[in-house]
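Numbering of the sequence shown is given in my numbering, commencing with residue 1 and proceeding in unit increments.
Down below is the structure, laid out as structure tokens.
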Amino acid sequence: VRFSDNTRGKSCMQDSNVQTCKDRLDIIISQEKSNFSKWQLAQKRGLAICTSIESIKTRALESRESSRNLKEKEEILYPKDLTQHIEKLNIILTIFKDITKHAEESLRQLIKLGKLVGNMDKNFYQSWPMSQYINFFDQLYSSYNKENKIKQRVACELPHCMNRSDLIRCTTAWEYPQYIDEWTSLMFAFLEEENKNKT
């Protein structure tokens with residue numbers, strides 16, 4: 001069987017495109033795994049800060065009851081040590097925001113790579129086609145985005161809570177994530193397994 005030079009050229013170009021996609025995919029996966037670890041660390045640090053803010057506000061609310069002066073009450077509710085904890089929490093929020101933006105960019109790049117490959121159902125390493133990788137990162141970005149909004153709300157409300165139940169509610173919302181949870185960790189484990197034996 002003889003093949004025309006045109007057919008060979010298309011085949012070589014397609015192989016080159018697939019290899020380019022694999023190389024880029026490896027970089028994206030490595031970056032996102034690193035970012036997920038950073039998110040988990042920020043989650044833990046953020047919880048410690050939220051717990052400290054809750055403790056400071058609880059003492060402030062208790063002290064307010066014994067104060068009769070309005071101005072003094074205001075100072076009691078927002079003590080100086082509260083400010084530094086709020087600033088630290090804002091740094092954590094910046095980390096979440098950056099990771100969310102990066103996940104969005106990774107998703108955008110994967111969609112472009114999918115167009116470069118052409119065949120979205122072609123398996124890359126073991127069983128995942130490009131469409132599966134895109135689906136994974138689409139879910140990841142969506143989860144980051146939703147969880148980030150919750151963290152932003154908690155950070156905004158927690159320092160201004162005026163009763164114990166609201167303080168507990170805010171800290172609990174941070175402690176038990178709704179979207180970046182054990183399922184996300186499991187999905188990353190699947191991703192790790194899929195890319196373990198590269199061919």
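Ideal Cβ positions, reconstructed from N, Cα and C, are used throughout, including at glycine.
{"query": "Helix, strand or coil: how does DSSP classify P159 here?", "result": "helix"}
{"query": "So, do the region 54 to 64 and the region 79 to 91 have three or more beta carbon pairs nearer to each other than 8 Å?", "result": "yes"}
{"query": "Using CA atoms only, rank isn't needed, just tell me which of S165, K112, E65 and I99 is closest to L25.", "result": "K112"}
{"query": "Measure the alpha-carbon distance for A155 versus Y141 and round it to whole angstroms.", "result": "21 Å"}
{"query": "Are the CB atoms of L191 and F136 nearer to each other than 8 Å?", "result": "yes"}
{"query": "Alpha carbon to alpha carbon, what distance is there between I134 and K151?", "result": "26 Å"}
{"query": "State the Cα-Cα distance for the pair A42 and F188, rounded to the nearest angstrom.", "result": "18 Å"}
{"query": "When the cut-off is 8 Å and only beta carbons count, does G46 lie next to chain B?", "result": "Judged by its chain identifiers, the structure shown contains no chain B, having just a single protein chain."}
{"query": "Assign W183 to one of two classes, buried (16 or more other C-beta atoms within 10 Å of its C-beta) or exposed (fewer than that).", "result": "exposed"}
{"query": "Is it buried or exposed for E194, if we count other Cβ within 10 angstroms and need 16 for buried?", "result": "buried"}
{"query": "Report buried or exposed for H160, applying the criterion of at least 16 other Cβ atoms within 10 angstroms of its Cβ.", "result": "exposed"}
{"query": "How is E194 classed by DSSP in three states: helix, strand or coil?", "result": "helix"}
{"query": "For C21 versus W174, is the C-beta spacing smaller than 8 Å?", "result": "no"}
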